[in-house]
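Asks: Listed in order, the protein sequences are those of chains A and B. Reading the first sequence from the start, the letters are residues 1 to 478 in the working numbering. Reading the second sequence from the start, the letters are residues 479 to 956 in the working numbering. The structure under discussion is supplied below as structure tokens; questions concerning it will follow.
There are 2 protein chains.
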Amino acid sequence: MPEIFPVLLCGGSGTRLWPVSRKSFPKQFVPLAGQGTLFQAAASRMLGAPGVASPLVITNADFRFIVAEQLAAEGIKPAAIMIEPAAKNTGPAILAAAAHLAGLHPEALLLVMPTDHAIPDIDAFRAAVAAGVPRALAGQIVTFGIRPDRPETGYGWIELQSAPVEGVAQKVQRFVEKPVLEAAEAMLAEGRYLWNAGIFLVAAKVLLDAVGEHAPDLLAPVGEAVAGARADLDFLRLAGGPWAEVRDISIDFAVMEKAANIEVVPLGTAWSDLGDWNAVWRENGGGMVAQGAVTAIDCEGSLLRSEVEGQHVVGIGLNDLVVVAMPDAVLVADRTRAQEVKAAVSQMKARSVRQAEVFPRDHRPWGWFETLALADRFQVKRIVVKPGAALSLQSHVHRAEHWIVVSGTAQVTVGDEVKLLSENQSVYVPLGAVHRLTNPGKVPVVLIEVQTGAYLGEDDIIRYEDIYARGDENGPAR
Amino acid sequence: MPEIFPVLLCGGSGTRLWPVSRKSFPKQFVPLAGQGTLFQAAASRMLGAPGVASPLVITNADFRFIVAEQLAAEGIKPAAIMIEPAAKNTGPAILAAAAHLAGLHPEALLLVMPTDHAIPDIDAFRAAVAAGVPRALAGQIVTFGIRPDRPETGYGWIELQSAPVEGVAQKVQRFVEKPVLEAAEAMLAEGRYLWNAGIFLVAAKVLLDAVGEHAPDLLAPVGEAVAGARADLDFLRLAGGPWAEVRDISIDFAVMEKAANIEVVPLGTAWSDLGDWNAVWRENGGGMVAQGAVTAIDCEGSLLRSEVEGQHVVGIGLNDLVVVAMPDAVLVADRTRAQEVKAAVSQMKARSVRQAEVFPRDHRPWGWFETLALADRFQVKRIVVKPGAALSLQSHVHRAEHWIVVSGTAQVTVGDEVKLLSENQSVYVPLGAVHRLTNPGKVPVVLIEVQTGAYLGEDDIIRYEDIYARGDENGPAR
């Protein structure tokens with residue numbers, strides 16, 4: 001039995017599900033349907049299936065702690081969490097995974113999966129993968145296609161030689177890029193087409209050969225980035241120098257649309273890329289969909305979502321609308337124009353609207369924090385520190401901080417003094433004092449921080465020691 | 479020259495402008511259009527006009543500190559702030575004002591005004607009042623009518639004998655209650671009708687006589703409630719015993735629709751009761767109206783409002799919608815069905831949705847507070863204490879409190895200790911400790927309070943002393 005390594009792609013940062021998905025916290029990490037996130041569902045999809053190894057994750061530096069946290073929450077120990085120094089699209093990312101695995105496991109099969117799609121039927125998915133294994137071992141690149149049920153212009157399509165049959169791999173005639181409506185209608189009627197879900201199974205060596213044939217310029221710099229990768233805590237950081245030289249290209253353009261040895265197996269399950277709020281509405285059954293604290297009076301064909309506890313959404317007489325409410329941002333859109341959310345986010349970004357990209361909750365290796373109140377000269381934050389975690393040893397030039405522990409036990413260092421604070425105790429960190437916060441316990445520490453001072457930006461930080469090796473990054477950190 | 483006393487009615491708590499207007503903070507106190515609130519605009523409307531005295535306000539106990547604060551902010555010293563022990567509709571409220579004024583100023587004229595309407599042209603309003611004065615002195619009840627510009631079914635109408643003429647009082651033929659559309663269209667076409675704005679000018683004695691003739695049962699209990707009224711700080715609290723016996727009735731039913739001595743002067747100005755969000759949209763010029771932090775793409779005929787800093791609203795492809803966003807509540811409604819907001823609030827109330835009635839910011843005599851975070855076992859509040867104000871001397875059975883001053887200077891009593899805290903200083907109030915917070919300074923004190931404990935309700939309070947005499951009220955207070 002060959003070893004199958006799920007390769008999880010999660011460097012993307014889609015904005016079409018704004019405000020829930022933002023650059024700093026994209027949709028694959030957000031609970032959207034049911035329990036868990038799309039990323040967690042993808043990571044668990046092959047868990048425990050025969051011959052399947054631990055997944056390899058490819059992501060960027062910003063998301064690495066979210067990835068680690070969400071894997072840990074599912075009890076998944078990854079084969080590796082590979083960090084791209086810069087986004088280069090799917091081609092180089094997948095090639096890096098193949099190069100890494102080929103070195104360690106020469107016979108490895110890669111099962112490449114986007115992590116921002118929904119696939120409800122795991123058994124059907126596994127059956128399709130099992131049907132693809134012999135073909136992948138025979139040197140084919142095996143993609144998995146979705147049976148279309150509408151003339152969708154937002155997806156790529158795959159042409160087969162004849163009508164698809166469950167569990168049977170067929171030669172791919174060609175890949176069709178996002179079509180116009182007439183072409184999509186024709187393909188739907190024709191019955192020989194599947195949607196391209198971006199999932200494929202391939203032997204590491206076969207993929208390397210295909211890249212060597214169709215995009216040979218990628219091989220050397222990606223190979224050097226993998227060879228020069230360095231371990232960083234639980235992460236594998238690709239070498240930035242060679243990576244900078246790598247061409248930005250999708251795996252479709254680099255390989256799939258050019259290679260001859262491509263076959264497709266139909267995936268006998270529902271599937272959605274949850275590409276916009278209209279798709280989320282559809283995945284939830286269509287009609288009037290209410291999620292969270294919602295009062296809907298006489299509404300039809302609409303998705304009404306309240307994202308947080310303590311915020312109530314009322315809809316009256318709505319037709320075909322999407323309403324997504326968060327305390328810092330609200331979207332109301334014609335459902336049939338949901339794809340324009342991307343343009344709205346660009347507009348906001350151009351006007352420097354903070355909510356365009358920044359999520360209210362900020363994830364850090366040690367836990368997360370969120371701002372509860374921000375005003376002239378003061379800021380109030382809720383800070384949650386994971387068991388065993390520690391903030392860096394740091395000081396601030398412009399602000400003093402008060403910490404009040406509301407649950408758990410914190411170990412606090414201020415200057416030369418170290419003390420334990422339990423629930424209901426507080427400490428004052430004067431301006432300029434070197435301090436550190438650690439959670440030595442077994443449960444999370446929750447504390448309220450009140451900052452006072454003339455300047456309260458995250459970049460007012462001098463870091464002396466950090467167990468998470470964050471010295472080489474720019475941007476705010478603590 | 480007779481003395482004219484504006485009588486400001488502001489006991490109402492309209493829900494049709496939810497979520498901005500809620501039971502605990504209704505629309506007359508909310509800044510809705512331009513600077514200041516509708517209540518402040520009403521209180522200022524006759525300010526400084528010849529012969530006009532300070533206004534008399536009639537409100538309920540819940541709103542008395544908001545009334546006092548908003549008058550003070552405009553520099554208005556009221557003749558009295560009269561507190562109704564219970565809501566009894568406009569009839570008893572106006573009669574109480576008349577009885578009170580008749581005792582002090584036998585020749586007084588009352589200019590009765592709702593305080594939740596918008597009247598942009600003060601000069602036109604004053605001219606109409608001036609035209610009404612001789613008729614009021616001659617024993618007439620002089621109402622003021624609005625020239626209709628649409629077949630509005632949401633207002634009462636007034637029938638005249640002939641077409642209205644600016645500055646001329648005419649006999650009222652009859653009052654027409656909210657009509658059906660066909661009747662409204664006929665009245666609009668007919669040209670002899672005005673809208674009833676609920677404003678009127680009348681001599682105190684004339685009103686008492688009219689009540690004596692048409693609703694005589696009101697005279698004795700209202701008279702006793704006024705005679706037994708007691709001063710309470712800056713307020714005049716009507717006697718609850720006799721007031722409980724008073725019939726609940728509007729001034730329209732009690733007097734206006736029955737009396738023969740009624741005349742009407744047309745108000746030569748725009749006017750709106752801002753009765754629902756559709757009216758707010760109309761008052762703001764119609765079309766696409768954006769208020770606050772809003773990004774609107776291809777929206778028409780819609781009102782998009784973001785009420786607080788830090789919350790951004792995005793609209794895409796919207797037609798004839800109302801969107802009103804607050805951090806704790808969001809309304810999205812078909813604009814033409816805006817009056818159904820009232821029904822939605824009733825639905826929420828039936829389901830015990832807190833946001834149906836409770837406004838996030840809670841006004842108290844000493845200032846206000848709002849909850850920033852509420853979770854199991856802790857709550858974070860922002861508290862603002864006005865200069866010279868003090869919270870009651872109190873203790874809690876179930877919670878401890880941390881106070882951190884972020885601006886201003888607070889005087890804090892905990893047990894036997896009294897100390898001054900300035901910006902950046904903090905204090906801990908243990909569970910059970912008797913404590914008080916006072917602002918001895920000239921600027922507001924802003925502080926962050928972190929509560930910890932098993933029960934954090936506002937009713938966990940034992941009050942020992944209170945400069946605002948709040949011992950005789952039920953409900954949460956501090």
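We put the CB at the ideal spot given by N, CA and C, even for glycine.
Distance check for residue 424 of chain A and residue 288 of chain A, CA to CA, integer angstroms please.
Replies: Residue 288 of chain A and residue 424 of chain A: Cα-Cα distance of roughly 45 angstroms.
Asks: Got a sec? Which residues, its chain only, sit under 6 angstroms from residue 955 of chain B by beta carbon, not counting five neighbours each side?
Replies: Legend: pLDDT at residue 955 of chain B = 44, less than 50; position of this residue unreliable, no value from coordinates given.
Asks: Hey, residue 96 of chain A and residue 222 of chain A: beta-carbon distance below 8 angstroms or not?
Replies: Their beta carbons are under 8 angstroms apart, which means residue 96 of chain A touches residue 222 of chain A by this criterion.
Asks: Pull out every residue of the segment 322-335 of chain A whose Cβ sits closer than 7 angstroms to any Cβ of chain B, in chain order.
Replies: Against chain B - using a Cβ distance shorter than 7 angstroms - the residues of the segment 322-335 of chain A are 323, 325, 327, 328, 329, 330, 331, 332, 333 and 334.
Asks: Where residue 126 of chain A and residue 931 of chain B are concerned, what is the direct C-alpha to C-alpha distance, given to the nearest angstrom?
Replies: Going by the C-alpha atoms only, they are around 50 angstroms apart.
Asks: For residue 703 of chain B, which residues in the same chain have their Cβ closer than 6 angstroms to its Cβ, ignoring the five residues on either side in sequence?
Replies: Cβ within range, chain order: 716, 717, 720 and 721.
Asks: Within 10 angstroms of its Cβ, does residue 638 of chain B collect 16 or more other Cβ (buried), or is it exposed?
Replies: With 16 or more Cβ atoms within 10 Å of its Cβ, residue 638 of chain B is classed as buried.
Asks: Could you tell me which whole alpha helix (DSSP H) segments of length 4 or greater appear in the segment 116-151 of chain A?
Replies: Fully enclosed alpha helix (DSSP H) runs of 4 or longer: 122-137.
Asks: In chain A, which residues lie less than 7 angstroms from residue 933 of chain B when you measure between Cβ atoms?
Replies: None at all; the shortest Cβ gap to chain A is about 14 angstroms.
Asks: Output needed for residue 82 of chain A: all residues of its chain with C-beta closer than 6 angstroms, excluding positions within five of it in sequence on either side, in chain order.
Replies: 58 and 236, listed in sequence order.
Asks: Any beta carbon of chain A sitting closer than 8 angstroms to that of residue 783 of chain B?
Replies: Closer than 8 angstroms: no.
Asks: Can you list the residues of chain A that residue 794 of chain B reaches, using a CB-CB cut of under 9 angstroms?
Replies: Neighbours of residue 794 of chain B on chain A, chain order: 322, 331, 332, 333, 334, 337, 338, 340, 341, 343 and 344.
Asks: On the premise that residue 925 of chain B lies in contact with residue 877 of chain B, defined as a C-beta separation below 8 angstroms, what is that separation, rounded to the nearest angstrom?
Replies: So it is not a contact: roughly 16 angstroms between Cβ atoms.
Asks: Do residue 896 of chain B and residue 911 of chain B have their CB atoms nearer than 8 angstroms?
Replies: No, the pair does not count as a contact, with Cβ atoms beyond the cut-off.
Asks: Among the residues of its own chain, which have a CB less than 7 angstroms from the CB of residue 173 of chain A, if the five just before and after it don't count?
Replies: So the list reads 159, 160 and 161, once near-sequence residues are dropped.
Asks: Do you know how far the Cα of residue 668 of chain B is from the Cα of residue 812 of chain B?
Replies: Taking the straight line joining both Cα atoms gives about 31 angstroms.
Asks: Just verifying my parser: in three-state terms, what is the DSSP assignment at residue 336 of chain A?
Replies: It is helical.
Asks: Answer yes if the segment 553-572 of chain B comes into contact with the segment 519-537 of chain B, meaning at least three C-beta pairs across the two stretches below 8 angstroms, and no otherwise.
Replies: Yes, they touch.
Asks: Which whole runs of the alpha helix (DSSP H) in the segment 499-541 of chain B are 4 residues long or more, in chain order?
Replies: Fully enclosed alpha helix (DSSP H) runs of 4 or longer: 516-522.
Asks: Tell me the DSSP secondary structure of residue 940 of chain B in three-state form.
Replies: The answer is strand: DSSP assigns residue 940 of chain B an E or B state.
Asks: Mind checking residue 946 of chain B: buried by the 16 CB within 10 Å criterion, or exposed?
Replies: Residue 946 of chain B is buried by the Cβ-count criterion.
Asks: So the alpha helix (DSSP H) residue 872 of chain B belongs to, where does it begin and stop?
Replies: Counting along the chain, residue 872 of chain B falls outside any alpha helix (DSSP H), though it belongs to the beta strand (DSSP E) covering 871-873.
Asks: Under a CB-based cut-off of 8 angstroms, is residue 826 of chain B close to chain A?
Replies: It does; some Cβ of chain A falls within 8 angstroms.
Asks: Measure how close the beta-carbons of residue 750 of chain B and residue 568 of chain B come, nearest whole angstrom, since I'm counting them as under 8 angstroms.
Replies: Actually they do not touch by this definition, with Cβ atoms about 19 angstroms apart.
Asks: Using DSSP with H/G/I as helix, E/B as strand and the rest coil, what is residue 825 of chain B?
Replies: Residue 825 of chain B falls in the helix class under three-state DSSP.
Asks: Using a Cβ-Cβ cut-off of 8 angstroms (strictly less than) and excluding sequence neighbours within five positions of residue 839 of chain B, which residues of its own chain qualify?
Replies: Closer than 8 angstroms at the Cβ level, and outside the excluded window around residue 839 of chain B, lie 503, 846, 847 and 848.
Asks: Relative to the C-alpha of residue 14 of chain A, which candidate in A:352, A:427, A:404 and A:346 has its C-alpha closest?
Replies: For residue 14 of chain A, the nearest C-alpha among the options comes from A:346.
Asks: Once the 5 residues before and after residue 850 of chain B are set aside, which same chain residues still bring their CB inside 7 angstroms of it?
Replies: Cβ neighbours of residue 850 of chain B beyond the five flanking positions: 858, 859 and 860.
Asks: Residue 480 of chain A and residue 302 of chain A look like a contact to me (Cβ under 8 angstroms); what is the Cβ gap, rounded to whole Å?
Replies: With chain A covering 1 to 478 only, the question about residue 480 of chain A has no answer from this structure.
Asks: The segment 892-903 of chain B: which residues have C-beta closer than 8 angstroms to a C-beta of chain A, in chain order?
Replies: Correct list: 901 and 902.
Asks: Excluding the 5 residues preceding and the 5 following residue 585 of chain B in the sequence, name in chain order all residues of the same chain whose CB lies nearer than 6 angstroms to its CB.
Replies: Within the same chain, residue 585 of chain B has close Cβ partners 480.
Asks: Flag residue 295 of chain A as yes if its beta-carbon sits less than 8 angstroms from any beta-carbon of chain B, otherwise no.
Replies: Yes, residue 295 of chain A counts as interfacial toward chain B.
Asks: Where residue 27 of chain A and residue 284 of chain A are concerned, what is the direct C-alpha to C-alpha distance, given to the nearest angstrom?
Replies: So the two alpha carbons sit approximately 16 angstroms from each other.
Asks: If you draw a straight line from the alpha carbon of residue 944 of chain B to that of residue 872 of chain B, how long is it in whole angstroms?
Replies: Cα to Cα, residue 944 of chain B sits roughly 9 angstroms from residue 872 of chain B.
Asks: For residue 403 of chain A, which residues does DSSP report across the bridge?
Replies: The partner list for residue 403 of chain A (beta bridge, DSSP) reads A:427 and A:449.
Asks: Looking at the structure shown, is residue 484 of chain B part of a helix, part of a strand, or coil, going by DSSP?
Replies: Residue state, collapsed to three classes: strand.
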